[in-house]
Amino acid sequence: MSNPSLLILAGDGIGPEVMAEVQRIIAWFGDKRGLKFDVSEDLVGGAAYDAHGVPLHDDTMAKAQEVDAVLLGAVGGPKYDVLDFSVKPERGLLRLRKEMDLFANLRPAQCFDALADFSSLKKDIVAGLDIMIVRELTSGSYFGEPRGIFIEDNERVGINTQRYTESEIDRVARAAFELARKRSKKLCSMEKANVMESGILWRDVVTEVHADYQDVELSHMYADNGAMQLVRAPKQFDVILTDNLFGDLLSDCAAMLTGSLGMLPSASLGAPMENGRPKALYEPVHGSAPDIAGQGKANPSACILSFAMALRYSFDQGTEADRLEAAVEKVLADGVRTADLMQADGGAPVSTSEMGSAIIAALDASL
Ligand code: IPM
Ligand code: MG
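Sequential numbering from 25 applies to the sequence shown in our numbering.
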């Protein structure tokens, strides 16, 4: 049997430098654990625009559909702010999500003990935090029609449409219930059923799906209250299920609970392919950080932890995923810090590649 295939789309800004560390980790698993991958690379975002005039070439899209998993770095940068909306770097990422039909976006927010002091919240509120946001990723107001800027009565009108079908809600709800089942069997669904019909339907369908998951405790919350509860008492949650736009906001909010955006991975999963693996794209939650790009300052942990999610969700290598996550945790516990994790009196930060080397040393020590 051939090796499983990975397509690496490093993208823009700090994407290439954090992805270089992921490449070293992939090589480590090949050498030391016999887990070999066929890795190919291509362009996305501004990098693709510079080469092809589009943020995602059709050939790259076709490749993404064929591989076992896509690993993405980051897209965007100030250089591309002037581009037309249709070719902005973000459109490349949104096209991948839509055409691969990656409807379930898993965004864990986990507060590593060594970093509990970094959160803007009090330590006891976040210490030990381990929640999972499941964000619907292929529909809702990001994609609903009609959309656009139109002229009505001699003025411009900007329109986006929040639209969800029953089946779209049903499938992401099932993904969230399945996850909740493997965790602490608690699911909180967030919408705005008090003001939006799409929220009423969301609540109805999630409640219907619950009939198949009676062992999971289901609660519903208005998304604005959810945002408030996330900063008031985040540990009340385990799995949170929400739509595309609310999930965008709530996941950034949850990310900051953990201290640094530089630590957070994500998985975007679709339906199973012929080989039984889900269509999948893994990416850090952070962006392209143009202010520090190319300086070797970026924290590669989020991107490395995204590869750990790939091991777990695409390749059924939960034990190896645990090993990689434990290595990152060990490095943090040892006090190794990239610049994003420095406190005022914290000594000298390590570089991106030094962080990668420390994680590899911790992996070696785990054998
Ligand atoms: C995210 C990002 C994206 C989104 C952007 C880059 C299109 O904010 O993944 O959360 O809005 O979904
Ligand atoms: Mg976002």
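Where a beta carbon is used, it is the ideal one built from N, C-alpha and C, also for glycine.
May I ask whether a heavy atom of ligand 2 can be found less than 6 Å away from the beta carbon of Asp108? Against the sequence shown, residue 108 aligns to sequence position 84. Checking every heavy atom of ligand 2 against the Cβ of Asp108, none is found closer than 6 Å.
I'd like to know whether the C-beta of Phe270 is nearer than 7 Å to at least one C-beta of chain D. The structure shown has no chain D; it contains just one protein chain.
Return helix, strand or coil for Tyr246, following the three-state DSSP convention. Here residue 246 refers to the residue found at position 222 of the sequence shown. Strand at Tyr246.
Going by beta carbon distance, what residues of the same chain come within less than 8 Å of Asp141, once the five residues before and after it are set aside? Counted from its first residue, the sequence shown places residue 141 at position 117. Counting only Cβ-Cβ distances below 8 Å, and skipping sequence neighbours, we find Lys147, Gly283, Gln367.
Taking the Cβ atom as the reference point for each residue, do Pro289 and Pro314 lie within a distance shorter than 7 Å? Within the sequence shown, residue 289 is the residue found at index 265, counting from 1. Within the sequence shown, residue 314 is the residue found at index 290, counting from 1. Contact flag unset, no.
Please confirm if the stretch 191-206 is in contact with the stretch 260-273, defined as three or more CB-CB distances below 8 Å between the two stretches. yes
Segment limits, beta strand (DSSP E) that includes Gln134: The residue you call residue 134 lines up with position 110 of the sequence shown. Counting along the chain, the beta strand (DSSP E) containing Gln134 begins and ends at 128-134.
Pick out every residue whose C-beta is nearer than 7 Å to a heavy atom of ligand 2: which are they, in chain order? Asp272, Ser275, Asp276
Option in Ala217, Asp236, Val106 with minimal Cα separation from Asp194: By one-based count along the sequence shown, residue 194 stands at place 170. For the residues Ala217, Asp236, Val106, the minimum Cα distance to Asp194 belongs to Asp236.
Using CA coordinates, which residue listed in Val106, Leu305, Asn27, Leu254 is at the minimum distance from Ala98? Along the sequence shown, read from residue 1 onward, the residue named residue 98 stands at position 74. Of the candidates Val106, Leu305, Asn27, Leu254, the one whose C-alpha sits nearest the C-alpha of Ala98 is Leu305.
Closest by C-alpha distance to Ser26, when choosing among Ala51, Val63, Glu45: The sequence position of residue 26 within the sequence shown is 2, counting from 1. Here the closest residue by C-alpha is Val63.
Relative to the alpha-carbon of Glu241, which residue among Val94, Asn218, Cys212, Gly318 has its alpha-carbon at the smallest distance? What you label residue 241 is simply residue 217 of the sequence shown in a count that begins at 1. For Glu241, the nearest C-alpha among the options comes from Cys212.
Close Cβ partners of Tyr104 (< 7 Å) along its chain, the five nearest in sequence each way excluded: In the sequence shown, the residue the question calls residue 104 occupies position 80. Only Gly70, Tyr73, Lys112, Pro113 meet the Cβ criterion.
Segment limits, alpha helix (DSSP H) that includes Leu356: For the purposes of this step, residue 356 is taken as the residue at position 332 of the sequence shown. That run of the alpha helix (DSSP H) goes 342-357.
Assign Met156 to one of three DSSP states: helix, strand, or coil. Along the sequence shown, one-based indexing puts residue 156 at 132. Reduced to three states, the DSSP call for Met156 is strand.
Return yes when the Cβ of Glu349 is within less than 7 Å of the Cβ of Ala332, no when it is not. Numbered from its first residue, the sequence shown carries residue 332 at position 308. Numbered from its first residue, the sequence shown carries residue 349 at position 325. Their beta carbons are under 7 Å apart, which means Ala332 touches Glu349 by this criterion.
If distances are taken between C-alpha atoms only, which option among Met379, Ala34, Ser29, Leu356 comes closest to Val138? Residue mapping note: residue 138 aligns to position 114 of the sequence shown, counting from 1. Inspection of the sequence shows that residue 138 is occupied by Ala rather than by Val. For the residues Met379, Ala34, Ser29, Leu356, the minimum Cα distance to Ala138 belongs to Leu356.
To the nearest angstrom, report how far apart His234 and Glu221 are at their CA atoms. For the purposes of this step, residue 234 is taken as the residue at position 210 of the sequence shown. For the purposes of this step, residue 221 is taken as the residue at position 197 of the sequence shown. His234 and Glu221: Cα-Cα distance of roughly 20 Å.
Just curious, the beta strand (DSSP E) that Ala93 is in, first and last residue? For this step, residue 93 is matched to residue 69 along the sequence shown. Element bounds for Ala93: 93-98.
Taking 7 Å as the threshold (C-beta atoms), are Gln186 and Ser165 in contact? Sequence index remark: in the sequence shown, residue 165 carries index 141 (1-based). Sequence index remark: in the sequence shown, residue 186 carries index 162 (1-based). Yes; because the gap between Cβ atoms is below 7 Å, this pair is in contact.
Check whether the Cβ of Glu114 lies closer than 6 Å to any heavy atom of ligand 1, and answer yes or no. As a working mapping, residue 114 is identified with position 90 in the sequence shown. It does: the Cβ of Glu114 is within 6 Å (strictly closer) of some heavy atom of ligand 1.
Along the chain, where does the beta strand (DSSP E) containing Asp66 start, and where does it finish? The residue labelled residue 66 in the question sits at position 42 within the sequence shown. From DSSP, the beta strand (DSSP E) with Asp66 extends over 62-66.
Are the beta-carbon atoms belonging to Phe270 and Ala247 less than 7 Å from one another? Along the sequence shown, read from residue 1 onward, the residue named residue 270 stands at position 246. Along the sequence shown, read from residue 1 onward, the residue named residue 247 stands at position 223. Taking 7 Å as the Cβ cut-off, Phe270 and Ala247 qualify as a contacting pair.
Among all the DSSP beta bridges, which residues are the ones paired with Ser213? Residue numbering aside, residue 213 sits at position 189 when the sequence shown is read from its first letter. Answer by DSSP bridge pairing, in chain order: His244, Leu265.
Would you call the CB atoms of Gly37 and Ala317 closer than 7 Å? By 1-based counting over the sequence shown, the position of residue 37 is 13. By 1-based counting over the sequence shown, the position of residue 317 is 293. For Gly37 and Ala317, yes; Cβs fall inside 7 Å.
Ala197 versus Ser191: straight-line alpha-carbon distance, rounded: Within the sequence shown, numbered from 1, the residue matching residue 197 stands at position 173. Within the sequence shown, numbered from 1, the residue matching residue 191 stands at position 167. Ala197 and Ser191: Cα-Cα distance of roughly 10 Å.
Ends of the beta strand (DSSP E) at Leu80? Within the sequence shown, numbered from 1, the residue matching residue 80 stands at position 56. It is not in any beta strand (DSSP E) - Leu80 carries neither H nor E in the DSSP assignment.
According to DSSP, simplified to helix, strand and coil, what is Ser390? Working through the sequence shown from its first residue, we reach residue 390 at position 366. If DSSP states are grouped into helix, strand and coil, Ser390 belongs with coil.
Other residues of its chain near Gly172: CB distance less than 7 Å, five sequence neighbours each side excluded: To locate residue 172, count along the sequence shown from 1; it is residue 148. So the qualifying residues of the chain are Ile183.
Under 7 Å between the Cβ atoms of Lys303 and Met124? Here residue 303 corresponds to residue number 279 of the sequence shown, with the count starting at 1. Here residue 124 corresponds to residue number 100 of the sequence shown, with the count starting at 1. In this structure, Met124 lies closer than 7 Å to Lys303 by Cβ.
Simplified DSSP assignment, three categories, for Lys112: Taking the sequence shown and counting its residues from 1, the one referred to as residue 112 is at position 88. If DSSP states are grouped into helix, strand and coil, Lys112 belongs with coil.
Give me the DSSP bridge partner(s) of Arg180. The residue labelled residue 180 in the question sits at position 156 within the sequence shown. Ile175.
According to DSSP, is Lys146 part of a helix, a strand, or is it coil? Along the sequence shown, one-based indexing puts residue 146 at 122. Here Lys146 sits in coil by DSSP.
Could you tell me how far apart the beta carbons of Met43 and Ala34 are, in whole angstroms, since I believe they sit closer than 8 Å? Numbered from 1 along the sequence shown, position 19 holds the residue referred to as residue 43. Numbered from 1 along the sequence shown, position 10 holds the residue referred to as residue 34. Sure, about 4 Å apart at Cβ, within 8 Å.
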